[in-house]
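S.K.:
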Amino acid sequence: MKPFDIVIVGGGGSGLYAAMEAMKTNPNLNIAVLSKVYPNRSHTSAAQGGANAALANKAKDDTVEMHIFDTIKGSDYLADQDAVEVLCSEAPKIIRELDNMGTPWSRMDDKTIAQRPFGGAGRPRCCYCADKTGHTILQTLYEQCLRKGVFFFNEYFALDLSLDGSRSRGLIAMNMKTGKVEAFPAKTVIFATGGYAKMYWNRSSNAAGNTGDGQAIAYRAGIPLKDMEFVQFHPTGLRKSGLLVTEGARGEGGYLVNAEGERFMKRYAPEKMELGPRDLVSRSLETEILEGRGFDSPAGKYLHLDLRHLGADIIKSRLPQIREMCMYFEGVDPIEEPVPVRPTAHYSMGGIDTDNFGRTIMEGVYAAGECGCVSVHGANRLGGNSLLDILVFGRITGRAAAEEAGKFNPSAIPASEVTDKEQELRSFMQPRGHYERYGTLREDLGHTLGANVGIFREASKIKQGIADIESLQDRFQHVRVFDTGDIYNTNLLQVLELKNMLDLSETVAEGALSREESRGSHTRTDFPTRDDEKWHKHTIYTYEGGRPKLAYKPVTMGRYELQERTY
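Residue numbers (the working numbering): 1267 to 1833.
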């Protein structure tokens, strides 16, 4: 295959914005997007609430500077302040650019883009399309990419970077439709594969495919990961499935209520109440449940999100998808009854370590969106900054790759690499005396992470989690794929995803054990306070001898000094 100028792995918001911007930067480039699912089914479509931007449509006194401060404070001061400045300064331009492309933003009475309050924000600045914001943005970007001539390889599963010493030659991937392994030589590669919170499996809002594929491939190729211990639990996942009830439901005025009928957030965030930052609200819900003020059910303990007082008109016009989900998955109509919720693993603050242009330490390899860690979220992401992150840094990374692709001249990917990988995949299908099933390992991984490396963490529990992960990695050596076919072998795909989750879960647990403080989403009950003297730094992970090696690097400061974080 003729080398591509850019191969983008992932067809979500960051991957599509990167492809679109790269084509805009240089229309003569040969650009391919490899996506595990069809792009308009990427997980960006599940983003409900909106994207932050200081447009000052709702609050006339809102400013970019306020957005910067809210983001840094929300991160528990672990975000790199230069990157945050880029994120927030570019936000109004991004929203208006999407508007010009035809994104159907909800509107206020004066026809300007509607904005709603979100947790941790000092002003209502979250721009939205009812409760389907990610879905509408994704359709808009996919349209633009098709119009500009981007090549799409849909239903391809990325396997490895092909390396020539310390340089990338491109990508090796499996065509899911045929089962064949194919080489994609490329001058540059952009990873945009989303997050890894599905490793918590039965307590996660993520789609089944959010298994950290890009991070795991980069990690095993020698590219460092950063801040993997910071996994955000969203306060309001549906009780049975963990599916997300957008923060927009609380932004519209929803109440959180315990079994005693009390709006309990007055104890934890008396000023912000239900619109405190996500880490604080999730800990508050978990505390209420652990202290016996939750409701009981066969599906587990839960609390109520009460929207009834909003009225049918607001729920139907601004939260239609949420109503549909509640009725389908819980049998509850939020117009008539409170919604049963509990915290659910939702977002990965950590990822592939990049600079502000998406570059990694490996020349020609980039990362953007939740897959990367440019460190705009630090220890805790604010609601509404995730869609913004994938758009802003997807665009920046696409432009950087387009401008820099001419510097690289990759060698061909040897046919032997493809053959070796095919044999490796076939080895999973070989009969063996003792075997393990994928589903059992996956459930065990989710259980130990939820129990030992969840919202509340403590040394003995984390050590138990690490021991369990090591045991699971040993058991994985005996995993067997029972489907021996080539066409859409989902059993093989799931085993490969499990391998990625196992490798990444070890970094999450090791980082959590090492970080002896509580900061943002990382709460150590044995170290309950933030320790700026020892731990105001990023954790860096490299893959050595099959294990994570930890190192640290400083946080980039700016105009805002460290201070106590209160709401």
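Backbone N, C-alpha and C fix where the C-beta goes; we use that ideal spot for every residue, glycine too.
Touching or not, the region 1463-1472 and the region 1767-1785, by the rule of three or more beta carbon pairs under 8 angstroms?
M.R.: yes
S.K.: Are the region 1348-1357 and the region 1636-1650 touching, with three or more C-beta to C-beta distances below 8 angstroms?
M.R.: yes
S.K.: Going by DSSP, which residues form a beta bridge with Arg1264?
M.R.: Nothing about residue 1264 can be read from this structure; the chain reaches only from 1267 to 1833.
S.K.: From the DSSP secondary-structure annotation, give me the bridge partner or partners of Cys1639.
M.R.: Position 373 of the sequence shown, counted from the start, is the residue given in the question as residue 1639. Partner(s): Asp1619.
S.K.: How would you label His1700, buried or exposed, when you count the other beta carbons within 10 angstroms and need 16 or more for buried?
M.R.: Here the question's residue 1700 lines up with position 434 in the sequence shown. It counts as exposed.
S.K.: Exposed or buried, His1575, counting other C-beta atoms within 10 Å across all chains shown (16 or more means buried)?
M.R.: Position 309 of the sequence shown, counted from the first residue, corresponds to residue 1575. Exposed, by the Cβ-count rule.
S.K.: Would a C-beta distance cut-off of 7 angstroms place Met1440 and Leu1425 closer than the cut-off?
M.R.: Reading the sequence shown from its first residue, position 174 is the one you call residue 1440. Reading the sequence shown from its first residue, position 159 is the one you call residue 1425. Judged by beta-carbon spacing, Leu1425 lies within the 7 angstroms limit of Met1440, meaning their Cβ atoms are closer than that value.
S.K.: Using alpha carbons as the reference points, say which of Glu1670, Arg1647, Asp1397 and Gly1316 lies closest to Ile1361.
M.R.: One-based indexing of the sequence shown puts residue 1361 at position 95. Considering only alpha carbons, the answer is Gly1316.
S.K.: Let me know the alpha helix (DSSP H) ranges lying completely inside the region 1527-1598, each 4 residues or longer, listed in chain order.
M.R.: Runs of the alpha helix (DSSP H) inside the region 1527-1598: 1544-1556, 1578-1584 and 1586-1591.
S.K.: Could you tell me whether the Cβ atoms of Gly1660 and Gly1638 are closer together than 7 angstroms?
M.R.: Here residue 1660 is taken as the residue at index 394 of the sequence shown, counted from 1. Here residue 1638 is taken as the residue at index 372 of the sequence shown, counted from 1. Contact: no.
S.K.: Taking Phe1530 as the reference, give the member of Trp1371, Gly1597 and Ser1550 with the closest Cα.
M.R.: The residue you call residue 1530 lines up with position 264 of the sequence shown. For the residues Trp1371, Gly1597 and Ser1550, the minimum Cα distance to Phe1530 belongs to Ser1550.
S.K.: Does the region 1564-1572 come close enough to the region 1665-1677 to have 3 or more Cβ pairs within less than 8 angstroms?
M.R.: no
S.K.: According to DSSP, is Pro1305 helix, strand or coil?
M.R.: In the sequence shown, residue 1305 corresponds to position 39, counting from 1. If DSSP states are grouped into helix, strand and coil, Pro1305 belongs with the helices.
S.K.: First and last residue of the beta strand (DSSP E) that includes Val1455?
M.R.: For this step, residue 1455 is matched to residue 189 along the sequence shown. Taken as a continuous stretch (DSSP letters only), the beta strand (DSSP E) holding Val1455 covers Val1447 to Phe1457.
S.K.: Indicate whether the contact test is met: 3 or more Cβ pairs, each with one atom in the region 1373-1382 and one in the region 1393-1404, closer than 8 angstroms.
M.R.: Flag = yes, the region 1373-1382 and the region 1393-1404 touch.
S.K.: In the structure shown, what three-state DSSP assignment does Arg1391 receive?
M.R.: Taking the sequence shown and counting its residues from 1, one reaches residue 1391 at position 125. If DSSP states are grouped into helix, strand and coil, Arg1391 belongs with coil.
S.K.: Considering only residues of the same chain and omitting the five flanking positions on each side of Ala1298, which have a CB-CB separation below 8 angstroms?
M.R.: The residue labelled residue 1298 in the question sits at position 32 within the sequence shown. Cβ within range, chain order: Phe1270, Ile1272, Val1273, Ile1274, Val1416, Phe1417, Phe1418, Phe1419, Phe1450 and Ala1452.
S.K.: Return the chain-ordered ranges of every alpha helix (DSSP H) run that is complete within the region 1673-1729 and spans a minimum of 4 residues.
M.R.: 1681-1693 and 1704-1718
S.K.: When the Cα of Asp1365 is compared with those of Gly1617, Gln1410, Glu1590 and Thr1714, which residue comes out closest?
M.R.: By one-based count along the sequence shown, residue 1365 stands at place 99. When each option's Cα is compared against that of Asp1365, the closest is Gln1410.
S.K.: Buried or exposed: where does Leu1556 fall if 16 or more other Cβ atoms within 10 Å of its Cβ makes it buried?
M.R.: Here residue 1556 refers to the residue found at position 290 of the sequence shown. Per the 10 Å Cβ criterion, exposed.
S.K.: Note the first and the last residue of the continuous alpha helix (DSSP H) segment covering Thr1756.
M.R.: Locating residue 1756 in the sequence shown gives position 490, where the first residue counts as 1. From DSSP, the alpha helix (DSSP H) with Thr1756 extends over Thr1756 to Ser1780.
S.K.: If you drop the 5 nearest sequence neighbours on each side, which residues of the same chain put their C-beta closer than 6 angstroms to that of Leu1654?
M.R.: Within the sequence shown, the letter at position 388 stands for residue 1654. For Leu1654, where only same-chain residues beyond five positions count, the Cβ hits under 6 angstroms are Ala1317, Asn1318 and Ala1357.
S.K.: Look at the Cβ atom of Ala1320, then the Cβ atom of Asp1327, and state whether they are nearer than 7 angstroms.
M.R.: Along the sequence shown, one-based indexing puts residue 1320 at 54. Along the sequence shown, one-based indexing puts residue 1327 at 61. No. Outside cutoff.
S.K.: Count the CB pairs spanning the region 1591-1601 and the region 1612-1625 that are closer than 8 angstroms, and state whether there are at least three.
M.R.: The region 1591-1601 is not in contact with the region 1612-1625.
S.K.: Is Ala1525 near Phe1561, with beta carbons less than 7 angstroms apart?
M.R.: Position 259 of the sequence shown, counted from the first residue, corresponds to residue 1525. Position 295 of the sequence shown, counted from the first residue, corresponds to residue 1561. It is a contact, given that the beta carbons lie within the stated cut-off.
S.K.: When you compare only the Cα positions, how much space is there between Lys1359 and Leu1657?
M.R.: Numbered from 1 along the sequence shown, position 93 holds the residue referred to as residue 1359. Numbered from 1 along the sequence shown, position 391 holds the residue referred to as residue 1657. If you draw a straight line from the Cα of Lys1359 to the Cα of Leu1657, it comes to about 11 angstroms.
S.K.: Closer than 7 angstroms by C-beta to Phe1335: which residues in its own chain qualify, once you throw out the five before and the five after it? Chain order, please.
M.R.: In the sequence shown, counting from the first residue as 1, residue 1335 sits at position 69. Closer than 7 angstroms at the Cβ level, and outside the excluded window around Phe1335, lie Tyr1826.
S.K.: From Ser1301 to Phe1457, what does the alpha carbon distance come to, in whole angstroms?
M.R.: Along the sequence shown, one-based indexing puts residue 1301 at 35. Along the sequence shown, one-based indexing puts residue 1457 at 191. Those two C-alpha atoms are separated by around 11 angstroms.
S.K.: Using 7 angstroms as the threshold, is the C-beta distance between Ser1471 and Leu1510 below it?
M.R.: Counted from its first residue, the sequence shown places residue 1471 at position 205. Counted from its first residue, the sequence shown places residue 1510 at position 244. It is a contact, given that the beta carbons lie within the stated cut-off.
S.K.: In whole angstroms, what separates the C-alpha of Gln1730 from that of Leu1715?
M.R.: If you number the sequence shown from 1, residue 1730 lands on position 464. If you number the sequence shown from 1, residue 1715 lands on position 449. Taking the straight line from one Cα to the other gives about 10 angstroms.
S.K.: Please state the DSSP three-state secondary structure of Glu1810.
M.R.: Sequence index remark: in the sequence shown, residue 1810 carries index 544 (1-based). In the three-state reduction of the DSSP assignment, Glu1810 falls in the strand class, which pools E and B.
S.K.: Tell me the DSSP bridge mates of Thr1805?
M.R.: Here residue 1805 refers to the residue found at position 539 when the sequence shown is read from its first residue. As computed with DSSP, Thr1805 is found in a beta bridge with Tyr1818.
S.K.: Buried or exposed for Ser1432, please, with buried defined as at least 16 other CB atoms from any protein chain shown within 10 angstroms of its CB.
M.R.: The sequence position of residue 1432 within the sequence shown is 166, counting from 1. The residue in question, Ser1432, is exposed, as its Cβ has fewer than 16 Cβ neighbours within 10 Å.
S.K.: Please look up how many angstroms separate the CB atoms of Phe1793 and Ser1784, rounded, as I've assumed it's under 8 angstroms.
M.R.: The residue you call residue 1793 lines up with position 527 of the sequence shown. The residue you call residue 1784 lines up with position 518 of the sequence shown. That pair is a contact at about 6 angstroms.
S.K.: Mind checking whether Leu1541 and Gly1385 have CB atoms under 7 angstroms apart?
M.R.: In the sequence shown, residue 1541 corresponds to position 275, counting from 1. In the sequence shown, residue 1385 corresponds to position 119, counting from 1. It is a contact, given that the beta carbons lie within the stated cut-off.
S.K.: Could you pull out every residue in the same chain whose Cβ sits closer than 7 angstroms to the Cβ of Ile1580, ignoring the five residues on either side in sequence?
M.R.: Within the sequence shown, residue 1580 is the residue found at index 314, counting from 1. Counting only Cβ-Cβ distances below 7 angstroms, and skipping sequence neighbours, we find Glu1518.
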